[in-house]
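Residue numbers (the working numbering): 1 to 130.
The beta-carbon is built from N, C-alpha and C at its ideal position, and this holds for glycine as well.
Take a look at the structure set out below.
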């Protein structure tokens, strides 16, 4: 009997799904204790979640499409893990520190870079370059 192989991207889709639930609960937590939180934090926590929802689904879709078109599992692991690390850094930087900071910058720009690379690879696969 043949065993259906599970895409590597399912690991990263699952990890990001769990992280999305964590972020949603963190928003709820900060809202409930808004009278004890620093003035800047409730808005920042909302931005963390909104930015996650704006960028992560596209990145994961691109990662999955590249994988099902035959990308090596190492490629998927590198970009899946990098995306997860970038989102952790962004959430930490924006959710725990006021104003601009390096974790926030690296996390956001890293996410944009990953989406750009994955988009380029998708287009290149379509035109037969890979």
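Cβ pair residue 80, residue 58 closer than 8 Å: no
Could you name the residues of the same chain whose beta carbon sits closer than 8 Å to that of residue 88, not counting the 5 residues immediately before and after it, in chain order? 19 and 107
Nearest to residue 10 by alpha carbon, out of 116, 98 and 77? 77
Please list the terminal residues of the continuous alpha helix (DSSP H) segment that includes residue 6. Taken as a continuous stretch (DSSP letters only), residue 6 belongs to no alpha helix (DSSP H), as it is neither H nor E.
Sorted by chain position, which residues of the same chain lie with C-beta nearer than 6 Å to residue 7's C-beta, five sequence neighbours on each side aside? 67
Within the region 52 to 110, ranges of the alpha helix (DSSP H) (whole runs, at least 4 residues): 73 to 96
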